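*Asks:*
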Amino acid sequence: MTNTDKPELSLVIPVFNEAESLADLQREIVQALEGMDYEILYIDDGSADASFEVLVGIQKACSRVRLIRFRRNFGQTAALSAGFRYARGKIIVPLDADGQNDPADIPPLVDKLNEGYDIVSGWRKERKDNPVTRTLPSRIANWLIGRITGVRLHDYGCTLKAYRAESLKPIRLYGEMHRFIPALARWGGEKVAEMVVNHRPRTAGKTKYGLSRTFKVLLDLMTIKFLASYSTKPIYIFGGLGGICLFGSVSSGLTVILMKLIQNYSMNRNPLLIISMMLMMAAIQLILMGLLAEILVRTYHESQDRPTYVIEKILEPAETPNV
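Residue numbers (the numbering used here): 1353 to 1675.
Right, here's the structure in full:
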């Protein structure tokens, strides 16, 4: 395969301090994908160990291997984003470099994708991770993501997935948002399926994730929900919050007046008067923020010439002879 060839399959593998796992992973990939047209794209995410040197050796020994190296550690999402951008295959499959994803699952994922899906997400049904720091928080996060996004998957956090390359083109990744790709794609009309994959215990190196990552995921989930529901109509959320504050302000104000008329309670000493004024100011600010956000959104879409919709196909009228 030459540098100009476009393979059917691209493997995208982020690497961060996984020198001890890479040789075995490479050997397993070659065995699992025998007979397939593929490339392997390793992204060294600023490793501080000998990972890059090991990858250079792997690349010299295998003509299918391409290598990207970051100047520093930017995180898994950034590494995947770079891999998706530079991958040449029609199908893109990311997987972890720690050896816990089984390369033998890649052909079945591709077969499932070819049944008519755009994304097939791996489901680590029997996880081999610490149940307290990894498995339990992951299950809670998966349930919450499914509830909020409306896209029910058992395992959003599984890196091993199969994507059609065109499904990834409109998606931009930030923070820890790579796990939300199936939800983002489903909102764009893509067909998403899920398949049980093998999950293996880590045999070398140390895990890079803990409970702190769960909090980051929840923050990204809030962003995803906002972008999905209000990115083209921010006045709805800001105006809605402003309306709630306005209702509270008017209710408090009326209560102050009624207390004065019925109980002759001093308006100056009534704390509800202060609450009413504060809620009124908050309502005005939120509504103005919504209007400003509307202007920014429209400016963004118009300047980028970016549509606010996704078209699946366009059917033109058939040519008919002039009558």
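Glycine included, every Cβ here is placed at the ideal spot set by N, Cα and C.
Just so you know, these numbers come straight off a predicted model, no measurement behind them.
#1: Cβ of Asn1494 within 9 Å of Cβ of Leu1505?
#2: Is His1506 helix, strand or coil when you go by DSSP?
#3: So Ser1362 is in the beta strand (DSSP E); what residue range does that whole segment cover?
#4: CB-CB under 6 Å to Gly1605, same chain, minus the five flanking residues each way: which ones, in chain order?
#5: Is Ile1471 helix, strand or coil when you go by DSSP?
#6: Given His1551, which residues of its chain have a CB within under 7 Å of its CB, disregarding the five upstream and five downstream residues?
#7: Between which two residues does the alpha helix (DSSP H) holding Val1608 run?
#8: Pick out whichever of Asn1369, Gly1540, Gln1428 has its Cα sitting closest to the Cα of Asp1470.
#9: Taking Glu1372 as part of the alpha helix (DSSP H), name the residues at either end of that continuous run.
#10: Let's test the definition: count the other Cβ atoms within 10 Å of the Cβ of Met1529 and tell me whether it reaches 16, buried, or not, exposed.
#11: Work out the CA separation of Leu1573 and Leu1536 for me, nearest whole Å.
#12: Would you mind working out which of Arg1621, Asn1616, Ile1626 sits nearest Ser1603, comparing C-alpha positions?
#13: Determine the contact status of Val1445 and Ser1373, defining contact as a CB-CB distance below 9 Å.
#14: Out of curiosity, what's the CA-to-CA distance linking Gln1383 and Ile1533?
#15: Label Ile1381 either buried or exposed according to how many other C-beta atoms from any shown protein chain fall within 10 Å of its C-beta, with 16 as the threshold for buried.
#16: Under 9 Å, do Asp1396 and Gly1427 count as touching if we go by C-beta distance?
#17: Determine the extent of the beta strand (DSSP E) in which Ala1545 is found, giving its start and end residues.
#18: Between Asp1450 and Ala1375, is the Cβ-Cβ spacing less than 9 Å?
#19: In the DSSP assignment, what are the bridge partners of Val1445?
#20: Spatial neighbours of Glu1542 within its chain, please: CB distance less than 7 Å, with the 5 preceding and 5 following residues excluded, ordered by chain position.
#21: If I measure Cβ to Cβ from Glu1546 and keep anything under 6 Å in the same chain, skipping five residues before and after, which residues do I get?
#22: What did DSSP end up calling Glu1646 once you bin it into helix, strand or coil?
#23: Candidates Asp1357, Leu1377, Lys1358: which alpha carbon is nearest Arg1554's?
#24: By the DSSP assignment, the beta strand (DSSP E) with Ile1523 in it spans what residues?
#25: Could you check whether the segment 1453-1462 touches the segment 1410-1424, counting it as contact only if at least three pairs of C-beta atoms, one from each stretch, sit closer than 8 Å?
#26: Kindly list the residues whose CB is nearer than 6 Å to the CB of Ser1415, restricted to its own chain and excluding five residues on each side of it in sequence; keep chain order.
#27: With a threshold of 16 other CB atoms inside 10 Å of the CB of Tyr1438, please say whether the residue is buried or exposed.
#28: DSSP three-state label for Ala1494, please.
#29: Between Tyr1438 and the ligand COA, is the CB less than 8 Å from at least one heavy atom?
#30: Going along the chain, which residues of its own chain have a beta-carbon closer than 8 Å to the beta-carbon of Asp1357, five neighbours each way excluded?
#31: Do you know how far the Cα of Val1417 is from the Cα of Phe1578?
#32: What residues in its chain sit with their C-beta under 6 Å from that of Glu1405, if we drop five residues either side in the sequence?
#33: For the putative contact between Arg1516 and Ile1443, defined by C-beta atoms under 8 Å, what is the C-beta separation to the nearest angstrom?
#34: Can you check which of these residues, Tyr1526, Gly1595, Phe1436, is closest to Leu1571 by C-alpha distance?
#35: In the DSSP assignment, what are the bridge partners of Tyr1301?
*Replies:* In terms of the structure at hand:
#1: Position 142 of the sequence shown, counted from the first residue, corresponds to residue 1494. Position 153 of the sequence shown, counted from the first residue, corresponds to residue 1505. For Asn1494 and Leu1505, yes; Cβs fall inside 9 Å.
#2: Residue mapping note: residue 1506 aligns to position 154 of the sequence shown, counting from 1. His1506: coil per DSSP, three-state reduction.
#3: Here the question's residue 1362 lines up with position 10 in the sequence shown. Segment 1361-1367, the beta strand (DSSP E) holding Ser1362.
#4: Numbered from its first residue, the sequence shown carries residue 1605 at position 253. If we look at Gly1605 and ignore the five residues flanking it on each side, its Cβ neighbours are Ser1628.
#5: Within the sequence shown, numbered from 1, the residue matching residue 1471 stands at position 119. Secondary structure of Ile1471 (DSSP, three-state): strand.
#6: Looking up residue 1551 in the sequence shown gives position 199. Answer for His1551: Gln1452, Arg1476, Glu1478, Arg1479, Lys1480, listed in chain order.
#7: What you label residue 1608 is simply residue 256 of the sequence shown in a count that begins at 1. Start and end: 1586-1615.
#8: One-based indexing of the sequence shown puts residue 1470 at position 118. The shortest Cα separation from Asp1470 among Asn1369, Gly1540, Gln1428 belongs to Gly1540.
#9: Your numbering for residue 1372 matches position 20 in the sequence shown. 1371-1384 is the extent of the alpha helix (DSSP H) around Glu1372.
#10: Numbered from 1 along the sequence shown, position 177 holds the residue referred to as residue 1529. Met1529 comes out buried.
#11: Translated into positions along the sequence shown, residue 1536 becomes position 184. Translated into positions along the sequence shown, residue 1573 becomes position 221. Leu1536 and Leu1573 have their C-alpha atoms some 11 Å from each other.
#12: Start at 1 with the first residue of the sequence shown, and residue 1603 comes out as number 251. Checked all of Arg1621, Asn1616, Ile1626; the closest Cα to Ser1603 is Ile1626.
#13: Taking the first residue of the sequence shown as 1, we reach residue 1445 at position 93. Taking the first residue of the sequence shown as 1, we reach residue 1373 at position 21. Annotated as distal: Val1445 and Ser1373, with beta-carbon spacing of 9 Å or more.
#14: Within the sequence shown, the letter at position 31 stands for residue 1383. Within the sequence shown, the letter at position 181 stands for residue 1533. Taking the straight line joining both Cα atoms gives about 28 Å.
#15: Within the sequence shown, numbered from 1, the residue matching residue 1381 stands at position 29. Of the residues assessed, Ile1381 falls on the buried side of the cut-off, its CB having 16 or more other CB atoms within 10 angstroms.
#16: In the sequence shown, residue 1396 corresponds to position 44, counting from 1. In the sequence shown, residue 1427 corresponds to position 75, counting from 1. Judged by beta-carbon spacing, Gly1427 lies beyond the 9 Å limit of Asp1396, meaning their Cβ atoms are not closer than that value.
#17: As a position in the sequence shown, residue 1545 is number 193, starting the count at 1. Counting along the chain, Ala1545 sits inside the beta strand (DSSP E) bounded by residues 1544-1548.
#18: Translated into the one-based positions of the sequence shown, residue 1450 becomes position 98. Translated into the one-based positions of the sequence shown, residue 1375 becomes position 23. With contacts defined as CB atoms closer than 9 Å, Asp1450 and Ala1375 fail to qualify as a contacting pair.
#19: In the sequence shown, the residue the question calls residue 1445 occupies position 93. Checking the DSSP bridge columns, you'll see Val1445 partnered with Leu1363.
#20: Residue mapping note: residue 1542 aligns to position 190 of the sequence shown, counting from 1. Excluding its 5 nearest sequence neighbours in each direction, Glu1542 has C-beta neighbours in its own chain below 7 Å: Asp1470, Ile1471, Ser1519, listed in chain order.
#21: Locating residue 1546 in the sequence shown gives position 194, where the first residue counts as 1. For Glu1546, same chain residues with a beta-carbon under 6 Å away, outside a window of 5 residues either side, are Ser1473, Trp1475, Leu1505 in chain order.
#22: Counting from one through the sequence shown, the residue named residue 1646 turns up at place 294. Assignment of Glu1646 by DSSP, reduced to helix, strand and coil, places it in the helix class.
#23: Within the sequence shown, residue 1554 is the residue found at index 202, counting from 1. By alpha-carbon distance to Arg1554, the top candidate from Asp1357, Leu1377, Lys1358 is Leu1377.
#24: Numbered from its first residue, the sequence shown carries residue 1523 at position 171. Here Ile1523 belongs to no beta strand (DSSP E), and DSSP marks it neither H nor E.
#25: As far as the Cβ criterion goes, the segment 1453-1462 does not touch the segment 1410-1424, which means the pair count is below three.
#26: Looking up residue 1415 in the sequence shown gives position 63. Nothing listed; no residue qualifies.
#27: What you label residue 1438 is simply residue 86 of the sequence shown in a count that begins at 1. Looking at its Cβ environment, which holds fewer than 16 other Cβ atoms inside 10 Å, Tyr1438 is exposed.
#28: For the purposes of this step, residue 1494 is taken as the residue at position 142 of the sequence shown. For clarity, residue 1494 is Asn in the given sequence; the question names Ala instead. Here Asn1494 sits in helix by DSSP.
#29: Of ligands this structure carries none, so the ligand COA is not represented either.
#30: Mapped onto the sequence shown, residue 1357 falls at position 5. Excluding residues within five positions, the ones whose Cβ falls inside 8 Å are Arg1440.
#31: Taking the sequence shown and counting its residues from 1, the one referred to as residue 1578 is at position 226. Taking the sequence shown and counting its residues from 1, the one referred to as residue 1417 is at position 65. Answer to the nearest angstrom: the Cα atoms are 39 Å apart.
#32: As a position in the sequence shown, residue 1405 is number 53, starting the count at 1. Correct list: empty, nothing qualifies.
#33: Numbered from 1 along the sequence shown, position 164 holds the residue referred to as residue 1516. Numbered from 1 along the sequence shown, position 91 holds the residue referred to as residue 1443. Between Arg1516 and Ile1443 the beta-carbon gap is near 6 Å, inside 8 Å, which marks them as a contact.
#34: On the sequence shown, position 219 is the one that residue 1571 refers to. For Leu1571, the nearest C-alpha among the options comes from Tyr1526.
#35: Any answer about residue 1301 is impossible in this case: the structure gives the chain only from 1353 up to 1675.
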